[in-house]
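The next block holds one structure in the form of structure tokens; read it before the comments.
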Amino acid sequence: MPEKSDKGALSMTTARSPEALHDVIVERDVMVAMRDGVRLATDMFFPASGQERIPGAHAAVFHRTPYRKEDTEESLGFCRFFAQRGYIAVIQDCRGTFSSEGDVNFLIPEAEDGFDTLAWIDQQPWSNGKVGSWGTSWSSWTQTAMAALGPANLASMVPNMSGANAHESSVRHGGALELRFLAWALWHSATNTQAALKADPAID
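The sequence shown begins at 735 in my numbering and counts up one residue at a time.
Written out as structure tokens, the structure is:
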């Protein structure tokens, strides 16, 4: 627990996370198949000792992002943080973004894609059947969407800046689109299109 200072305020410097216990091994761009055959690029961060994974089954933490998994981890470092403390961290590019297959359809496929990936995690020999998720904004919507389908192995969520009904609030109000989301969609489409063009050898 954080300690109180003489003035009664919490001293945040005393609220520290456990120190890192493990090295980390990363397995990148595992293509996880969804129910319709589309494959989503997924990275996994394993707790390790030197060059060997820590044996046994572990709890997992799961993050889905449309903002490129490598950039997300580079800026936040959560996956490495959790793996160093004994969890297996799983991070995935959402459908149609960056290294994943398929087309972007804002928020529509997140329930099934999240549920199917949780089912895939549950089948892995390194999983102990417990998964926690976290994320902000779109990565928060991915959590509430997959939770609505009742996945048995989703033990906890940390949704930040999410919404409950994109038709009534947050994205639309009674069906009317908030114009700020038009600007956001155009920007996001451009960044993903650029990534796709660079990967196409037929385009100079």
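Every residue, glycine too, gets a C-beta built ideally from N, C-alpha and C.
Test: residue i CB closer than 8 Å to a CB of chain E
i    : result
F779 : Here there is only one protein chain, and chain E is not present.
C-beta atoms of residue i and residue j nearer than 8 Å
i    : j    : result
S873 : H797 : yes
L888 : L852 : yes
D757 : A782 : yes
E807 : C813 : yes
N870 : N894 : With the sequence shown as reference, residue 870 is identified as Thr, and Asn is not the correct amino acid for it. Contact: yes.
A919 : S834 : no
Q877 : S867 : yes
H907 : W860 : no
E761 : D777 : yes
I949 : R802 : Residue 949 is absent from the structure shown; the chain starts at 735 and stops at 938.
Paired residues, beta bridge with residue i - DSSP
i    : result
D757 : A782
S861 : H792
P893 : G869
V824 : M778, F796
R762 : For R762, which the question treats as bridged, DSSP gives no partner whatsoever.
A910 : H907
L920 : BP columns for L920 are empty, so no partner.
L689 : Outside the displayed span of the chain (735 to 938) sits residue 689, for which this structure offers no information.
Among the options, the one whose alpha carbon lies nearest that of residue i
i    : options                : result
G790 : G784, F780, T799       : F780
G771 : S809, G836, G869, W921 : G836
K864 : S890, R802, R773, M778 : S890
W854 : R769, V760, A754, E753 : R769
A924 : L883, A879, A882, G830 : G830
Note down, one range per segment and in chain order, each beta strand (DSSP E) of at least 3 residues found wholly within the stretch 768-816.
773-783, 792-799
Under 8 Å: do the stretch 817-824 and the stretch 908-915 share three or more Cβ pairs, one atom per stretch?
no
Report yes or no: do three or more beta-carbon pairs, one from the stretch 837-847 and one from the stretch 756-765, lie closer than 8 Å?
no
Decide yes or no for the touch test of the stretch 899-911 against the stretch 823-832: beta carbon pairs closer than 8 Å, at least 3 of them.
no
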